[in-house]
Every structure is written in structure tokens, then in C-alpha cells.
């Protein structure tokens with residue numbers, strides 16, 4: 341576990357968490373990644389253990405977090421520019437994903453009271469052969485589902501969901 345004290349006082353550039361064994365945990369609490377106008381990405385690869393990012397703030401350009409082959413990624417009270425998940429399980433709680441959006445391929449996503457914003461003309465959440473469970477008392481992000489993706493949405497106004505689905509995908 342690495343803790344930035346005070347929150348946001350430590351900046352990461354390019355960083356990676358790789359090959360974390362099952363039963364182990366890596367936690368980054370209070371870190372910033374990237375600098376305004378700069379770049380930086382946190383890559384989580386081939387991790388059977390749990391990776392926790394809490395109060396993680398991404399300030400650069402481009403995608404903030406990429407998870408590939410990650411069994412358990414938990415983001416709590418964090419702000420990201422974008423998130424890409426491939427063959428991973430990712431949970432976002434009270435977090436924000438800005439205009440970089442969220443994409444997933446072969447992954448399971450759980451979003452609770454989290455905001456995801458898409459760029460103009462693009463969906464906020466794009467799923468490819470993935471599953472999404474979203475619970476929110478606020479606005480529901482736009483969705484695009486492909487190749488048998490499933491989305492279960494619990495929100496105040498589910499009729500307001502903007503979605504594009506292929507024949508094998510569905511939103512309930």
C-alpha cells in the first residue's frame with residue numbers, strides 16, 4: 341500500500357502494476373497521475389490479486405487507466421480521463437470518468453454512483469462481449485453494446501438511456 345499524504349501531493353507518470361498473485365493486494369491511495377497538458381497512464385496487467393485505487397486523480401491527457409487480465413480492480417472516489425478494460429473485472433464506486441470514456445472487452449464492470457461522460461458523438465460506455473451493472477441516482481451515461489454484451493441498469497429514469505445495441509446485446 342502506498343499513501344500520498346496529503347491527497348494529491350504525489351504525482352505518478354507512466355506506472356504499471358503487473359503479475360500480482362492471487363490473495364495479494366496493491367493499493368494506491370491519494371495519488372495523481374499525469375500533469376495538466378501532459379500524459380501518463382496506469383497500466384494494470386495480468387493481476388490475479390486485488391488492485392485498489394482510492395482518491396486517484398488523473399490530470400493529464402489520454403486514457404488514465406488500462407486494465408488487462410486484471411481479476412479485481414477497485415476504484416473508489418477517483419477521477420479519470422478514461423478507462424479501458426480487457427478481460428478484467430472492474431468496480432467503480434463514487435468515481436468520475438471524463439470525456440475519455442470507458443471501454444471494455446471481455447470484461448465485467450460494476451459502477452455504483454459513478455459518472456461517465458462521453459465525447460460528443462461517442463458513447464460514454466462501450467462494451468464488447470462484456471457485462472455492466474450500473475446503479476445510479478443521477479444521469480445514466482450513453483451506451484454502446486456489441487457482441488453479446490449485457491447491461492443491467494438501476495436508475496431513477498431508465499427510459500432516458502441513450503443506447504446502441506447489436507442484435508446479440510441487450511440493456512435491462
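Numbering (our numbering), first residue to last: 341 to 512.
Positions of the beta carbon are idealized from the N, C-alpha and C atoms, including for glycine.
For secondary structure counted as the beta strand (DSSP E) over 3 or more consecutive residues, the segment 437-497 holds these complete runs in sequence order: 442-445, 448-452, 465-468, 471-476, 483-486 and 490-495.
Under a 10 Å Cβ-count criterion, residue 361 is classified as exposed, with fewer than 16 other Cβ atoms of the shown protein chains found around its own Cβ. Shown here for residue 454: same chain residues with a beta carbon closer than 6 Å to its own, the five before and five after excluded, namely 432 and 435 in chain order.
Residue pairing of residue 506 in beta bridges, as defined by DSSP: absent, with no partner found. Counting only the Cα atoms, residue 357 lies some 24 Å from residue 456. In the structure shown, the three-state DSSP call for residue 382 is strand. 9 Å or more divides the Cβ of residue 404 from the Cβ of residue 428. In terms of CA proximity to residue 421, 397 leads the group 415, 411 and 397.
Per DSSP, the continuous beta strand (DSSP E) segment holding residue 432 begins and ends at 429-433.
The beta-carbon separation of residue 449 and residue 425, rounded to 7 Å, stays under the 8 Å limit for a contact. In this structure, the beta-carbon distance from residue 476 to residue 503 does not fall below 9 Å. Inclusion of residue 464 and residue 437 in the CB contact set at 9 Å is warranted, their separation being smaller than that value.
For residue 396, no beta strand (DSSP E) encloses it, and the DSSP letter there is neither H nor E.
Comparing C-alpha distances from residue 370 to each of 393, 480 and 467 shows the shortest one belongs to 393. Rounded to whole angstroms, the separation of the alpha carbons of residue 484 and residue 466 is 5 Å.
The continuous stretches of beta strand (DSSP E) do not include residue 360, and DSSP gives it neither H nor E.
Between residue 418 and residue 445, the C-beta gap is not smaller than 9 Å, which leaves the two residues out of contact.
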